[in-house]
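Following: one structure in C-alpha cells, then a few remarks.
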Amino acid sequence: MTAVEPPLALLAELTHRCPLQCPYCSNPLELDRAAAELDTDTWKRVFDEAARLGVLHVHFSGGEPAARKDLEALVAHCSTRGLYTNLITSAVLIDRSRMQALAAAGLNHVQISFQAHDPANADRIGGYAGGQARKIEVAGYVREAGLQLTVNAVMHRQNLDELDDVIDMAVRLGARRLEVAHVQYYGWALKNRAALMPSRAQLERATATVDSARARLKGTLVIDYVVPDYYARRPKACMGGWGRRFFNVSPSGDVLPCHAASTLPGMRFENVKDRGLREIWYGSAAFERFRGTGWMPEPCRSCDRRETDWGGCRCQAFALTGGVDAVDPACEFSAHHTELVTSAERESAAAAPAFIYRRFGAAVPA
Ligand code: SF4
Ligand code: SF4
C-alpha cells in the first residue's frame, strides 16, 4: 500500500453566499447559510494547521469569497505563513481599492470566472445584470495591482460557440492562463444537464479552436482544456485521486476530499471545529474510503490505468449509477457508458429547457 503523502492545496470555501446564480455551480444543492460560516479566528487556525501539514497553496473560493469582509485579513494571515494564495472570484463584489488592499495583504494570484464573451449571454447565464462589464473592469485592476490573472470560462451548449471570442478576451485582459472548463455534471449542473450539455459537433469545433489557439498563442496564453466526461472514453483523475493532493473546507468547516463529496450517501465528513486537519487527512474514515486502489471493483482493480485516473469521479459514479463504488460511467468499460453517451447526444439534440438558477432554497437534493 502506498504511503499517504501530505496535501499540496486547500480549497477554502469561505462562504456559499454569491450574487450570481450560475446553473452549473459546483456548490451543493443545500447551501450553507451565513450564520453557519466559520469565523475569522477559526479560518486562521485552519490555515496554520494546513501550513504545518505541508499545504503550499490556498485557493480562496466560495460562493463568492469577497462576500466575506475578512478576506484581506485571511489573505494576510496565509501570507505570513508562507502559503501561496489564489483568489477564485466572480469579481462583481470587488472594486479598485479592494483589489489594491488584497494585493497589499500579499495575494499572489487571481482567477476570474466568466460566463461567456457576449455580455447579454454572460449576464443571462450568471443571472446577474452588468456582471460581465464589472468583471472586465476588475481584470484591469488585477493587472494594475501587479497580480497574475487567470480567466476561468465554464463552457456548455449555451456558450461554447463563443470560445474563439473568449480566448481573444483572455488575451486582451492580459491573462497568462485560460481554463476552458467543461461543466461537471453533479449538483446544480446535474439538475440543469439538458440545458447545458453540448453536442458532439460543438465539442469537436471547440477542440479544434483550442488546438489552433494553443499554436497561435504559444508564449502568450496557456490554455487548459480537457474533453468533457460525457464524450470521453476514459475518466479524468478527479482531484488527482481521492485524498491524494487536495482537500476542501466547506463554509461551515466540513473537510471534504472534493467539493461535491457531500453528495455521496453514507459518508461522515469531519469538521475542523472537532478535529485537527492532520488527524482528518491521515486518519478520517472519509478520506480513507476511496484512497488508493484497494476500494476499486473490477475492471478498475486490474486495469493498467488505475493509478492514472484513480477510478475517476466518485460523485459522478454515484449520481449516474446509484453506486458509490461503481466504475465511473465516463469510462468505456462501465456498463453505463453507452447510456451516458446516448443521453448526452439525446439531450444536446433537443431544445434546451430553462435554467434552474442556483439560489438558496431553489433545489432540494434528489
Ligand atoms: S459558479 Fe457562479 S453562482 Fe457558483 S459560486 Fe461561482 S459565480 Fe457564484
Ligand atoms: S476501468 Fe477503471 S481504472 Fe481503468 S480506465 Fe476505466 S475507470 Fe480508469
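Each residue of the sequence shown is one higher than the one before, counting from 61 in the numbering used here. We put the CB at the ideal spot given by N, CA and C, even for glycine.
{"Asked": "Near ligand 1: residue 80 beta-carbon under 7 Å from a heavy atom", "Found": "yes"}
{"Asked": "Three-way DSSP call (helix, strand, coil) for residue 342 in this model", "Found": "helix"}
{"Asked": "Cβ-Cβ distance between residue 66 and residue 143 below 8 Å", "Found": "no"}
{"Asked": "For ligand 2, residues whose Cβ lies under 6 Å from any non-hydrogen atom", "Found": "294, 295, 359, 360, 363, 365, 366, 369, 371, 372, 387, 388, 391, 393"}
{"Asked": "Inter-residue Cα distance where the pair is residue 204 and residue 194", "Found": "15 Å"}
{"Asked": "Rounded distance between the beta-carbons of residue 80 and residue 307, thought under 8 Å", "Found": "At roughly 25 Å, the Cβ-Cβ gap does not stay under 8 Å, so residue 307 and residue 80 are not in contact."}
{"Asked": "Which listed residue (407, 380, 405) has its alpha carbon closest to that of residue 394", "Found": "380"}
{"Asked": "Coarse secondary structure for residue 381, derived from DSSP in three states", "Found": "helix"}
{"Asked": "Where residue 364 falls, given that 16 or more other Cβ within 10 Å makes a residue buried", "Found": "exposed"}
{"Asked": "CB contact flag (residue 153, residue 136, <8 Å)", "Found": "no"}
{"Asked": "Residue 173 beta carbon near ligand 1 (any heavy atom closer than 7 Å)", "Found": "yes"}
{"Asked": "Opposing strand residues paired with residue 156 [DSSP bridges]", "Found": "According to DSSP, residue 156 bridges with nothing at all."}
{"Asked": "Any non-hydrogen atom of ligand 1 closer than 7 Å to residue 181 Cβ", "Found": "no"}
{"Asked": "Whole-Å CB distance - residue 238 paired with residue 172, under 8 Å assumed", "Found": "About 11 Å; that fails the 8 Å criterion."}
{"Asked": "Best match in 209, 164, 129, 119 for proximity to residue 97 [C-alpha to C-alpha]", "Found": "129"}
{"Asked": "Local conformation of residue 97 per DSSP, three classes", "Found": "coil"}
{"Asked": "Per-residue DSSP class, three states only, for residue 73", "Found": "strand"}
{"Asked": "Integer-rounded CB distance, given that residue 118 should sit under 8 Å from residue 145", "Found": "5 Å"}
{"Asked": "Bridge partner(s) assigned by DSSP for residue 284", "Found": "239"}
{"Asked": "C-beta contact flag for residue 226 and residue 177 at 8 Å", "Found": "yes"}
{"Asked": "Complete runs of the beta strand (DSSP E) confined to the stretch 145–195 [at least 3 residues]", "Found": "169–174"}
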